[in-house]
DNA sequence: GTAGGGTTAG
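Here you go:
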């Protein structure tokens, strides 16, 4: 109310010069410790003592003082002081002084009173180019590019700065053709307007257009400055145009800009992206001066070289840190799997009074998502609220993802619903969140409401179905995606290939392989790896091998997938040989690759070799064997008939045996006919797995093979009493688009009678089969 | 101490 009345009145004061005193304002209760309060008091004292010049002669110095004070009011927003100054300015007739007026605009804007600011602008602005540019820049900064453009169009005269503001903002929003149109309309260019345009191109992935403009600028005689060079180097580095970057580096050296701080900073990052750690370090070492950006770039260099210890040392020795250096530490520790340390760093950041920004929050929320620890996640959430970022779409999307990963998609939904402005990323996070939490119906419901879907929206659904092992649905929604005209990307294809890998649908997989070739993504690691997995699981190990050998770049997952594919296909020797290749290539084995290796050894009864690999896990690679590895070892011993050793191995395990550990032993006992150990093992299986049939079936098989029919009947009785029924084994075939599944003596198929007739013709002894599994 | 272009993270 107060603000409005002053603003409404101010116009009249300006013209009628009626009496208005700062004393008529409520006395602002400002802490005397703050400098602005002190200045304001001194100003009021001077005013009261009549020491401030008020005659037209000293108009200028009065305006200067007022402008300087107003500036303080917008730097650390002080509305009351600002209002008083506004009143004073009106009274003295200096409120339309250019410097006072722009400060007033800034003060109202910074204090959150944009309506009032816009009103005084409308009343006073007239044709002043300065205040128009100021307002245009502010409209643009706050996201209202249309308001900025309409002001631009209304301005009676403009300068190059007016054009630059518009061009830069249009480029930042990706409106390239509009930006070009305005840029071409500008009658006289400067190095700044050119740089804005060049950088706009490069940020929109059009580095060649940027470089053409860069050349054009030099041709018309405008010399690039340090900002131009910084932008061009960053653009070349970001788009991987290292050859072009080097020719620009030549110019930089010739013009001695290689001594400039910002140019050197961008050069460090360029060399890191080129993979030239030596040159990056050399630039850093030879810089005449360094700032927080240089040190943060060096930090990044350490992480890129995989040297966490050195990074930590650099971080601790840095003369200055800012929120970017903290975010770098948090993000990189999280990427290295050190999520707990990332969270610790975030707390340290708060203790150091560093104010987290959107990116710091995004990093630390992502770290708590990886930990799937609700306590940590909710702790970070409380800081989000404390710092007022809960309505930021970027932060909210990370929170939605974090809660969903912690299986709290209802809490995620609350955040989603509380957002007044939602972008597509929030929608996709929520769809993905439901998928991750296994709530595919809710995911689908939300997905259907999403009017403007992008590739990520479709990917969230597809990977959700895959994650929940609903592979058929994944393929269905993929078909719908293709039907909608949305182009699939690498994420889509890798998910769909994963679905195919788990369905008996090799033909579909081959089609997808062709699609990856068409999209030009077949050479990418993630796609190559998905292809290996799909072919291996579909039984086409030859194609899996080819996909593996054709990969130009392999990572640890690609190797692991191929080793596992071979092992699962019964090619134990080849699998072990590939594992040795993998170690020769210095690829660090994961715990999951050891599982495949132990499996391969087990199938070939390679007891010694198995123990060799098992021992090397901890000794050589520092990987503590998990329950699954111990189970694999029990399986290895049991299959080889070393049942007593297997039982002893279980008793010495440092982790508690799982039901499958005992099942492996029991299975060995069935094969090798050891009833004594078998009974003990069976008892353990049934105890650990009360609702499952595995233990009963194995035990009954063991009795059956020993001819102990009375015991077989007893086990069946026990099973019935426990209310358990064994599910039958199932085979299926695909004919065109349809799957046909068959159980033992299954009569559900519509053409069952014909099938069995044909079968009896082909395999006469089928008719004599007795179904031993039917209880 | 009146308005425009930038480097480091995500």
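Numbering (my numbering), first residue to last: 2 to 776. Positions of the beta carbon are idealized from the N, C-alpha and C atoms, including for glycine.
- The region 151-189 contains, as complete alpha helix (DSSP H) runs of 4+ residues, the segments 161-173 and 177-186 (chain order).
- As for any alpha helix (DSSP H) of minimum length 4 sitting wholly inside the region 180-251, the runs are 192-204, 208-220 and 227-239, ordered along the chain.
- Scanning 169, 190, 188 and 189 for the CA closest to the CA of residue 180 turns up 169.
- Contact between the region 70-81 and the region 101-109 is present, with at least three C-beta pairs closer than 8 Å.
- For the options 318, 301 and 64, the alpha carbon positioned closest to that of residue 334 is the one of 301.
- For a cut-off of 8 Å, the C-beta gap from residue 165 to residue 192 is around 11 Å, too long to register as a contact.
- Beyond the five residues adjoining it in sequence on each side, residue 256 comes within less than 6 Å, by CB distance, of no other residue in the same chain.
- Taken through DSSP and simplified to helix, strand or coil, residue 346 comes out as helix.
- Restricting attention to 225, 218, 178 and 501, the CA atom closest to the CA of residue 207 is found in 178.
- The region 268-286 and the region 234-252 touch, with three or more beta-carbon pairs separated by less than 8 Å.
- Between residue 328 and residue 370, the gap from beta carbon to beta carbon reaches 7 Å or more.
- Residue 562 and residue 628 have their C-alpha atoms roughly 21 Å apart.
- Relative to the Cα of residue 526, the nearest Cα in the group 416, 552 and 435 belongs to 552.
- Beyond the five residues adjoining it in sequence on each side, residue 171 comes within less than 6 Å, by CB distance, of 179 and 180 in the same chain, given in chain order.
- Short of 6 Å from the beta carbon of residue 542, and not among the five residues preceding or following it, lie these beta carbons of its own chain, in chain order: 570.
- For residue 450, the enclosing alpha helix (DSSP H) stretches over residues 441-450.
- Of the residues 630, 579, 640 and 585, the one whose Cα lies closest to the Cα of residue 608 is 640.
- For residue 411, the enclosing alpha helix (DSSP H) stretches over residues 410-419.
- The residue from 311, 232, 470 and 500 with its alpha-carbon nearest to that of residue 480 is 500.
- Counted as a single uninterrupted DSSP element, the alpha helix (DSSP H) harbouring residue 661 occupies residues 660-673.
- A straight-line Cα-Cα distance of about 13 Å links residue 250 and residue 225.
- In the three-state reduction of the DSSP assignment, residue 545 falls in the helix class, which pools H, G and I.
- Contact between residue 687 and residue 696 holds: their C-beta atoms lie close to 4 Å from each other, under 8 Å.
- For residue 575, the enclosing alpha helix (DSSP H) stretches over residues 573-585.
- Between residue 394 and residue 356 a beta carbon distance of about 20 Å is seen, past the 8 Å cut, so the two are scored as non-contacting.
- The alpha carbon of residue 217 has as its nearest neighbour, out of 227, 195 and 236, the alpha carbon of 195.
- Excluding the 5 residues flanking it on each side, residue 448 has same chain C-beta neighbours closer than 8 Å at 432, 454, 458, 461 and 462, in chain order.
- Taking 7 Å as the cut-off, the Cβ atoms of residue 198 and residue 214 count as close.
- By the CB criterion at 7 Å, residue 531 and residue 537 fall outside the cutoff.
- Residue 506 sits in coil when the DSSP states are folded into three classes, being neither helix nor strand.
- DSSP, reduced to helix, strand and coil, places residue 388 outside both helices and strands of the structure shown, so it counts as coil.
- Cβ-Cβ distances below 7 Å link residue 438 to 405, 408 and 410 in the same chain, with the five nearest sequence neighbours on each side left out; the list follows chain order.
- With a threshold of 16 other beta carbon atoms within 10 Å, residue 483 falls short and is exposed.
- Distances from the CA of residue 509 to each of 535, 519, 485 and 521 were compared; the closest alpha carbon is that of 535.
- The alpha-carbon of residue 344 is positioned some 35 Å away from that of residue 565.
- Going by beta carbons, residue 64 and residue 116 fall outside the 7 Å limit.
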